[in-house]
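Worksheet: one structure, shown below.
Protein chains in written order, with my numbering: chain R, 93 to 253; chain Z, 93 to 253; chain B, 93 to 253; chain W, 93 to 253; chain S, 93 to 253; chain D, 93 to 253; chain P, 93 to 253; chain A, 93 to 253.
Next up, the structure:
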């Protein structure tokens, strides 16, 4: 995260990672206010055992792209629709339009949960337990929709002709 | 890819994957014209040994998001700026704004090469050879910039005060 | 509908259809969380006697376009301006920019009522009762405007020079 | 169509309708230059036996919306990206954001062919021949994709790992 | 105005016209719900002695453009940012992008007051009293700014180095 | 006009004014490069007998708005889509979003002809000859559409069912 | 500032300048309501000893660009997201897209504080005290981030794996 | 500059600086491909005697913002409309929307010349020679407009009523 105000949005990522039993750390790294911390953080990430980085930011959201410049780990960007944002569109474009060789895997506006799911999918490439967990998670998503349909039906919701 | 016209854009991904020595397949799967093929392709992808999927598309680019709905493999989306696109912005928004649980790792407009680099980064998480290859690739990118500086300097380009 | 939160918007369609005496069903079908249900729903729609499909969605709204891929019934799309939407513009573009052969009849942001009117217009093509009902509905719309003018005039509203 | 220059775009609709054996007429009706012609055309459309109207327009594209105001037939709008258009976005918004009661079924930018497919789908609601024709058309679309895959494969295109 | 909800925005125009002593009428004319009333209103406007028309509208705001099609009086358009608007941008584009020969004099989003000032300027072309009134109005605008500066200065506002 | 490159766009206005027999002058006034000339031009416009001002500009198009600040004559703005423009949208917004009291009558992108028609409409408010001329001009527009229909019909164009 | 309502946004600039010990004045200058005051203010700015100008504005924000036309002092523009703004995007484009020779140094939406920091950086070019102050300010920004990290860590915030 | 392809755009800045007799250097610094070079370049800029930095970039243009994070010199950003840009709007937003404390003075799309003029204005704050040069430059701009008027007048261009 680039600032404390991003915490509310980004904590959704922690919830998902915890649910998948994936150890993680969450910290503040501001590309513009603590740029050296960002360089060090990104450069040491792989050595320290980190395997995927999730970086959120609002406005001119340089954090994911700059972190990506200092590491070859996959970097996931979360555009944050902060107070001064232009509907989050400024951050989407700041993250997504990277030059050849240094991609940022960008997810939707404020979609920190999805960033965590994507990170899990990356880690699951060679991890049977996570692959299983993801399949189960999908079933949960589906079951939740099906349960909602049941509830609506009971509540007099007109489901069938 | 969703259509043959996307081939020109997407072949940049093949070039990068070949360079990294990563086996891959490239094929046409249209979400709207061959929807069953898409369902089967996505559902069987993991079983068939695929580990990352790259899906490009223009206009209402549903391919990456729908493929992601039928697999838990990571899916990378490449918005393609085709003739009828609105600057590729329609495809960016069609890909990036996915609901919670089913992310698409979206890269820049027409950035098929970056999709391939991102796929390589994902595969490199547990692969020392690819990690090394990525580090070398980065050095190549840097060297190319440095060489350009040299050339410009020789060509009378004013580099220093 | 793709999610329960869309119900508030989409129920306006039910009100209109009920008013026209058109039998209908309303249910949840998530393209990303219940993709197989979506395939089945769309594929069986014609056989089950459905004649027009209305599909709403927010963000990367793939439901109408993907339903259209699995049926040749006319599909009407309703872009929903949900919390994370970019003014509904992301959903408009996700729905409207379909490839040749698989159209979605897209209506305005949150315009579920209009989707139902459009469905009624389609059904009225060969239905004298519905054609009459539509003509009467139009007169109602007009009368409501004329009554408002009367009220404003009585309220001291300056209507004429 | 609102102007002669729209003919090039709109003729794609004729091709599709001819293919489906649907009788049609195509003419110029300018909402701003021949407004009375537009009123008459729209008001008499149903009596004259027309069953669906397709209206294209660029810029401030009022034709579909205004035609819809004078008839209860379904009206399909085709935003045209003309020289002075803002990427066709001005026409999309001019067509799609209609008030309650008077919908326009809007398709993608320059998607006249899709407007014709949508019209066919509407007419097919109560027409077994057209329903069959639409199913066959879909198979054609699919076959064309499959044939392209074959051709690419023969051409040395790397289709499988 | 196209609907009663526009009244709150458009009444600012009445205030300005009253201030300039210009007789006016304000009424509802919906291009889509009372299209014949619109045609008649626009066609008779000049004969009835109206000299400038101000038309406001939200969403696909066809009123000003269609009124302009039925009269050669100058028509001023006021884009209204209603609930379902896309920041008023949909209405700006619906009004401003008119075809050659049928202009709409478009003012800013919700700028009904400015529409009235513009109407006054048009009427003042051959009217010395209104020309004077406009000059005085400008002085009032200036004086109000100057008075605000005075007040801020008294309130400890730091005006000078 | 703000620059010589605008001449090609703006000369369409001259053609229309000449056609209506309205005397006019056309000159360069750059708000940023000849700001004093702009102030003088705008301030003296009424005294010199000018009755309507048409001002075109690209990019940050301040000319119409600033001219309007120095005169109470009606000012018509023409957004010009120059090389560095963002589809003319930057100029539309620069012109249209004026503060209360100082309106600019904005027309479509590159619509200099329409600016001239609008100016004619303003002058016609108290001018029977111009009113007649405008009515005839409208008939011409209509006739041109009708003639095109004839031509297309002769050319084998399918006009009727 | 162009209007009193901008004061709330622009006062953030005063706070920053006071903090750096830079004498300043803040006043209202409306480009459209007090255009002569604007001309005089801009023309006399250098003579009066001003060295950098900060100009904020909403909507069609002409103040910075027009002030820049009447002085060769550097002018910093602050786009203000006022009630009628289109997300501040109208003001960004009104300020940034200046013609060659008359630049405006534009900062982010509502970023008055940043305008003041930028002004300080300009003044610091030849001022050792301000250069020092800026370096210290940066350290403060960094320290604030580091302190937040400490606080979050104490509050049970999971900072490390 | 971030890449060699930016050279064509950025060289306009060299021309202006040369014209003002301001010594400068122009070099390639890619924030993503040579990130350490960028850090060093920005950190040493002040010590090496640089006084203003101009940074151009296309797409997700992080160069100006990141350079600004590593120096307290004023940084001017030039959004470049490269092949894959979204009309330069992506780069404008990437540059302009900086967090408090680290501004980028952003100029228009491809406006490298204006970046150089702005740099000259900053340097002129305490430099009488440059102040004079800027005043003369403005007169040149004005004279060029006036000369164009003369030429147009001679060429039969209708300048006066």
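From the three backbone atoms N, C-alpha and C, an ideal C-beta is built for every residue, glycine too.
Within-8 Å CB hit, residue i to chain P
i: residue 127 of chain D; result: yes
i: residue 96 of chain R; result: yes
Bridge partners - residue i, DSSP secondary structure assignment
i: residue 167 of chain B; result: B/145
i: residue 150 of chain B; result: B/172
Residue i, buried or exposed, once every other Cβ within 10 Å from all chains shown has been counted against 16
i: residue 115 of chain B; result: exposed
i: residue 206 of chain P; result: buried
i: residue 203 of chain P; result: buried
i: residue 124 of chain P; result: buried
i: residue 173 of chain B; result: buried
i: residue 245 of chain A; result: exposed
i: residue 154 of chain Z; result: buried
i: residue 231 of chain R; result: exposed
i: residue 117 of chain B; result: exposed
i: residue 253 of chain S; result: Caution applies to residue 253 of chain S, whose pLDDT of 41 falls short of 50 and renders its modelled position unreliable; the value that the coordinates give is listed next. Burial call: exposed.
i: residue 101 of chain R; result: buried
Three-state secondary structure assigned by DSSP to residue i
i: residue 120 of chain Z; result: coil
i: residue 140 of chain R; result: coil
i: residue 101 of chain S; result: helix
i: residue 115 of chain P; result: coil
i: residue 94 of chain S; result: coil
i: residue 247 of chain W; result: coil
i: residue 126 of chain W; result: coil
i: residue 178 of chain D; result: coil
Any C-beta of chain D under 8 Å from that of residue i
i: residue 165 of chain S; result: yes
i: residue 186 of chain P; result: yes
i: residue 145 of chain W; result: no
Heavy atom of the ligand MN within 7 Å of residue i beta-carbon
i: residue 238 of chain W; result: The ligand MN is absent from the structure shown, which contains no ligand whatsoever.
Chain R within 8 Å of residue i, Cβ atoms only
i: residue 199 of chain Z; result: yes
i: residue 237 of chain Z; result: no
i: residue 176 of chain A; result: yes
i: residue 153 of chain Z; result: no
Contact with chain S by residue i, beta-carbon distance below 8 Å
i: residue 150 of chain P; result: no
i: residue 179 of chain B; result: yes
i: residue 233 of chain B; result: yes
i: residue 182 of chain W; result: yes
Minimum Cβ-Cβ distance from residue i to chain A less than 8 Å
i: residue 240 of chain Z; result: yes
i: residue 131 of chain R; result: yes
Proximity test, Cβ basis, 8 Å: residue i and chain W
i: residue 192 of chain B; result: yes
i: residue 101 of chain Z; result: no
Residue-level contact to chain B via CB, residue i, 8 Å cutoff
i: residue 247 of chain S; result: no
Neighbour flag for residue i against chain Z, beta carbons, 8 Å
i: residue 202 of chain W; result: yes
i: residue 158 of chain B; result: yes
i: residue 119 of chain R; result: no
Ranges of the alpha helix (DSSP H) found wholly within the segment 180-233 of chain P, counting only runs of at least 4: Runs found: 181-188, 204-215.
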